[in-house]
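Working notes, structure below.
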Amino acid sequence: MNKTLASYYQQAYACEQQHFNQCFYCGCEATERDHCPPLHMLQSIIDLGEEADFVAIAACYECHALLHNERLMTIDERFSKLKKKLSNKYAKPLRVYNMWEESELGDMSDEFAHSIQAGMKLGKEAAERLAFTGFSYATEEARVTVREKTKEFDVEGTVFTDFKEALNYCITVLKVQKSDFYKILVEDYQGDFSKALSQYRHRHDKVTAAKDGNTLIKDFSKLHKQNSDFVTRTVKHFISKDPSLTTEGALDKLYNNYIKK
Numbered sequence: 000m001n002k003t004l005a006s007y008y009q010q011a012y013a014c015e016q017q018h019f020n021q022c023f024y025c026g027c028e029a030t031e032r033d034h035c036p037p038l039h040m041l042q043s044i045i046d047l048g049e050e051a052d053f054v055a056i057a058a059c060y061e062c063h064a065l066l067h068n069e070r071l072m073t074i075d076e077r078f079s080k081l082k083k084k085l086s087n088k089y090a091k092p093l094r095v096y097n098m099w100e101e102s103e104l105g106d107m108s109d110e111f112a113h114s115i116q117a118g119m120k121l122g123k124e125a126a127e128r129l130a131f132t133g134f135s136y137a138t139e140e141a142r143v144t145v146r147e148k149t150k151e152f153d154v155e156g157t158v159f160t161d162f163k164e165a166l167n168y169c170i171t172v173l174k175v176q177k178s179d180f181y182k183i184l185v186e187d188y189q190g191d192f193s194k195a196l197s198q199y200r201h202r203h204d205k206v207t208a209a210k211d212g213n214t215l216i217k218d219f220s221k222l223h224k225q226n227s228d229f230v231t232r233t234v235k236h237f238i239s240k241d242p243s244l245t246t247e248g249a250l251d252k253l254y255n256n257y258i259k260k
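Last residue of the sequence shown: number 260 in numbering that gives the first Met the number 0, and the count goes up by one each step with no gaps.
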């Protein structure tokens, strides 16, 4: 390590004893010092006159490696980036942990149960690391207070502090389809339950409406002895000309214009 460059950084240490030797980013055992910004990028940052925190803080081996090449200038930016990287890296075990329950393992083959159990364990560890909020730390010049606030998940007015509990509430009480909803919640809306529920219902209503429309067309074709392909094409044509028409309204128009004697 270049001692001249290293001297630009202030060493940051946890203020509370329970956080000594703990990774600031995920709570695991700290074995490294994460330099903010990265030490190997420092010379160019100095040359460009860019502003940065210039702090070295405790980190575990994995978090240190994930952030090594991230040209981020503040601890807050690095904290947020690390959470996203952990979430992406452990997406599969997190899904296993959130989608399965211990009580379901007994119904599986031994091999499959072992695989799911291992995934649940790794996923639980990842969830705990993602939930870690950091800690207050001090440098030679200042103390930085980090509010260790537990994250909350609001599901239509019911507040949870555990993501999995909030998800299970949606499945058991709000009757969402587990796999479809989880994909929307995690991949599309990054854990925002309000937005995910709104989008899930929008998609579900469209699918339900399409199924109902197909049933109406089949019943209409059978009742009036019409070719179902002809009826489908005509209904789509009417609706394209007048988007306010429902399938039922388009069928009425078809009947009055072409079938009624």
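Heads up, the beta-carbon is just placed ideally off N, CA and C, and yes, glycines get one too.
* **Sequence ranges, alpha helix (DSSP H) only - wholly within the segment 22-73, length at least 4** => 41-47 and 60-66
* Helix, strand or coil at D153 according to DSSP, with G and I counted as helix -> Numbered from 1 along the sequence shown, position 154 holds the residue referred to as residue 153. In this structure, D153 counts as strand in the three-state DSSP scheme.
* CB-CB under 7 Å to S102, same chain, minus the five flanking residues each way: which ones, in chain order? -> Residue mapping note: residue 102 aligns to position 103 of the sequence shown, counting from 1. Same-chain partners within the cutoff: there are none.
* Asked: With Q17 and T138 assumed to form a contact (beta carbons below 8 Å), what rounded beta-carbon distance in angstroms separates them?
  -> Taking the sequence shown and counting its residues from 1, one reaches residue 17 at position 18. Taking the sequence shown and counting its residues from 1, one reaches residue 138 at position 139. With 8 Å as the limit, Q17 and T138 do not qualify as a contact, their Cβ atoms being about 20 Å apart.
* Asked: Rounded to a whole number of angstroms, what is the C-alpha to C-alpha distance between T3 and R202?
  -> As a first step, residue 3 is located in the sequence shown; it is residue number 4 there, counting from the start. As a first step, residue 202 is located in the sequence shown; it is residue number 203 there, counting from the start. If you take the alpha carbons of T3 and R202, they lie about 58 Å apart.
* To do: Rounded to whole angstroms, what's the CA-CA distance from K191 to L184? Just pull it up for me.
  => As a first step, residue 191 must be located in the sequence shown, where it is residue number 192. As a first step, residue 184 must be located in the sequence shown, where it is residue number 185. Here residue 191 is Asp; the residue named in the question, Lys, does not match the sequence. Cα-Cα distance, rounded: 6 Å.
* How about L71 and V95: do their beta carbons lie closer than 9 Å? -> Sequence index remark: in the sequence shown, residue 71 carries index 72 (1-based). Sequence index remark: in the sequence shown, residue 95 carries index 96 (1-based). Result no, Cβ atoms of L71 and V95 do not sit closer than 9 Å.
* Asked: CB T246 to CB G212, shorter than 9 Å?
  -> Counting from one through the sequence shown, the residue named residue 246 turns up at place 247. Counting from one through the sequence shown, the residue named residue 212 turns up at place 213. Yes, Cβ-Cβ distance for T246 and G212 is below 9 Å.
* Write down the C-beta distance between L65 and K84 rounded to the nearest angstrom, noting that I regard them as a contact closer than 8 Å. => The count along the sequence shown starts at 1 and reaches residue 65 at position 66. The count along the sequence shown starts at 1 and reaches residue 84 at position 85. Contact flag correct, Cβ pair sits at about 5 Å.
* Is the distance from the Cβ of F131 to the Cβ of C25 below 9 Å? -> Position 132 of the sequence shown, counted from the first residue, corresponds to residue 131. Position 26 of the sequence shown, counted from the first residue, corresponds to residue 25. Yes, they are a contact pair.
* Asked: Going along the chain, which residues of its own chain have a beta-carbon closer than 8 Å to the beta-carbon of Y119, five neighbours each way excluded?
  -> As a working note, residue 119 is residue 120 in the sequence shown. Reading the sequence as shown, one finds Met at residue 119 and not Tyr. For M119, where only same-chain residues beyond five positions count, the Cβ hits under 8 Å are P92, V95, Y96, W99 and E101.
* Distance, Cα to Cα, C169 vs E49? -> Position 170 of the sequence shown holds residue 169. Position 50 of the sequence shown holds residue 49. So the two alpha carbons sit approximately 46 Å from each other.
* Asked: What does a CB cutoff of less than 8 Å around Y188 pick up in its chain, not counting 5 residues either side in sequence?
  -> For the purposes of this step, residue 188 is identified with residue 189 of the sequence shown, where counting begins at 1. Taken in chain order, the residues that qualify are K194, A195 and Q198.
* Can G133 and F23 be called in contact, C-beta distance under 9 Å? -> Along the sequence shown, one-based indexing puts residue 133 at 134. Along the sequence shown, one-based indexing puts residue 23 at 24. Yes; because the gap between Cβ atoms is below 9 Å, this pair is in contact.
* Coarse secondary structure for R142, derived from DSSP in three states -> Sequence index remark: in the sequence shown, residue 142 carries index 143 (1-based). Residue state, collapsed to three classes: strand.
* Asked: Helix, strand or coil: how does DSSP classify Q10 here?
  -> Taking the first residue of the sequence shown as position 1, residue 10 is located at position 11. Correct three-state label for Q10: strand.
* To do: Give the DSSP-derived three-state secondary structure of M0 in the structure shown.
  => Translated into positions along the sequence shown, residue 0 becomes position 1. For M0, the predicted structure reports a pLDDT of 48, less than 50, and the residue's modelled location is therefore unreliable. The matter cannot be settled from this model.
* **For T157 and E164, the rounded distance between their alpha carbons** => Along the sequence shown, one-based indexing puts residue 164 at 165. Along the sequence shown, one-based indexing puts residue 157 at 158. Each residue's alpha carbon lies about 11 Å from the other.
* To do: Tell whether a beta-carbon distance below 9 Å holds between V261 and L129.
  => The structure shown does not extend to residue 261, since the chain is modelled only from 0 to 260, so the question has no answer here.
* Asked: Looking only at its own chain, which residues have a Cβ that is under 8 Å from the Cβ of Q21, when we skip the five neighbours before and after it?
  -> One-based indexing of the sequence shown puts residue 21 at position 22. Once the five neighbours on either side are set aside, the close Cβ partners of Q21 are A13, C27, E28, A29, A57 and F134.
* Quick one: residues in its chain with C-beta nearer than 7 Å to the C-beta of P36, no 5 flanking neighbours on either side, listed in chain order? => Looking up residue 36 in the sequence shown gives position 37. Around P36: I44, A51, R70, L71 and M72.
* Straight-line gap, A249 to F237 (C-alpha atoms, nearest Å) -> Here residue 249 refers to the residue found at position 250 of the sequence shown. Here residue 237 refers to the residue found at position 238 of the sequence shown. Computed Cα separation, rounded: 6 Å.
* Which residue or residues does DSSP assign as beta-bridge partners of G159? -> The sequence position of residue 159 within the sequence shown is 160, counting from 1. One point to set straight first is that residue 159 is Phe, not Gly, in the sequence displayed. Looking at the DSSP assignment, F159 forms a beta bridge with F152.
* My guess is that S227 and K217 are in contact by the Cβ rule of under 8 Å, so how many angstroms apart are they, rounded? -> On the sequence shown, residue 227 is found 228 positions in, with the first residue counted as 1. On the sequence shown, residue 217 is found 218 positions in, with the first residue counted as 1. Rounded, the Cβ-Cβ distance is 6 Å, consistent with contact.
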